[in-house]
Amino acid sequence: MKKLYTIGYEGTALDDFMHVLKAAKIDVLLDVRELAISRRKGFSKAALGGALAEAGIRYRHEKQLGSPRTIRHQLREDGNYPRFFCEFDRHLIEQSALLETLAEELKGNVALMCYEKDHKECHRRSVADALAGLLGKTPIHLGVDDHAREASKAAHSYPRQGVSAA
1 MKKLYTIGYE
11 GTALDDFMHV
21 LKAAKIDVLL
31 DVRELAISRR
41 KGFSKAALGG
51 ALAEAGIRYR
61 HEKQLGSPRT
71 IRHQLREDGN
81 YPRFFCEFDR
91 HLIEQSALLE
101 TLAEELKGNV
111 ALMCYEKDHK
121 ECHRRSVADA
131 LAGLLGKTPI
141 HLGVDDHARE
151 ASKAAHSYPR
161 QGVSAA
């Protein structure tokens, strides 16, 4: 593995998400959601896998690296992130053989993906830290800034006028 990234798609359009992956030269997107489904258009397993394939990015889903339902529901009830990460890290210990296999198998630039925009509030941070420890790498956390991209599109959508436009 060359570089290890993480990315969340919360509040993001698929085209903006893909733009960030391409800009970072991602070779493999590792989906670490327990369930690879989404209400957000384009982010369910089949649709996302298809979009990634068109962009030349390999898709891999590892549900065992997802946050188990019981842990997610507890977080939803109490909002206790330290407890959530403690419980998830216990779960992750049970996945050590899978993590070692992934560390050996995955080639190129790899991005771990889950829903949350902020990696500090997402279990993918723990997965990234575990893989980084095996690889001697430091994870890079990517963000998708829809607003800046939309503003950029809008700025370039108006025809220039006046003498300087000639």
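Residue 166, in my numbering, is where the sequence shown stops; the numbers in between run on with no holes.
The C-beta atom is built at its ideal place from N, Cα and C for all residues, glycine as well.
If you're wondering where the values come from, they're calculated on a predicted model, not measured in any experiment.
Checklist entry - By Cβ distance below 6 Å, which residues in the same chain neighbour histidine 141 in space, the five residues on each side in sequence not counted? => result Thr6, His119.
Checklist entry - Residue range of the alpha helix (DSSP H) that glutamine 31 falls in? => result Looking at the sequence shown, residue 31 is not glutamine but aspartate. Unbroken run through aspartate 31 is the beta strand (DSSP E), 28-31; no alpha helix (DSSP H).
Item to check | Buried versus exposed call for aspartate 31 [16 or more other C-beta atoms within 10 Å across all chains shown] | outcome: That one is buried.
Next on the checklist: Just to confirm, is the Cβ distance from cysteine 114 to arginine 60 under 8 Å?
Outcome noted: Going by beta carbons, cysteine 114 and arginine 60 fall outside the 8 Å limit.
Checklist entry - Just how far apart, CA to CA, sit arginine 39 and tyrosine 9? => result A direct Cα-Cα distance of roughly 11 Å separates arginine 39 from tyrosine 9.
Next on the checklist: Restricting to Cα atoms, I'd like to know which of Leu134, Phe88, Leu14, Lys3 is closest to valine 144.
Outcome noted: The shortest C-alpha to C-alpha distance from valine 144 to any of Leu134, Phe88, Leu14, Lys3 is the one to Leu14.
Next on the checklist: In the DSSP output, which residue or residues are listed as bridge partners for valine 110?
Outcome noted: Residue pairing from DSSP places valine 110 in a beta bridge opposite Leu4, Val28.
Item to check | Residues near arginine 18 in its chain [Cβ-Cβ closer than 7 Å; skip 5 each side] | outcome: It is methionine, not arginine, that sits at residue 18 in the sequence shown. Contacts found: Ala51, Ala55.
Checklist entry - Could you give the C-beta distance for valine 110 and leucine 4, rounded to a whole number, given that I count them as a contact under 8 Å? => result At roughly 6 Å, the Cβ-Cβ gap stays under 8 Å, so valine 110 and leucine 4 are in contact.
Item to check | Cβ contact (3+ pairs, closer than 8 Å) linking the segment 126-138 and the segment 100-108 | outcome: Cβ pair count under 8 Å is three or more, so yes.
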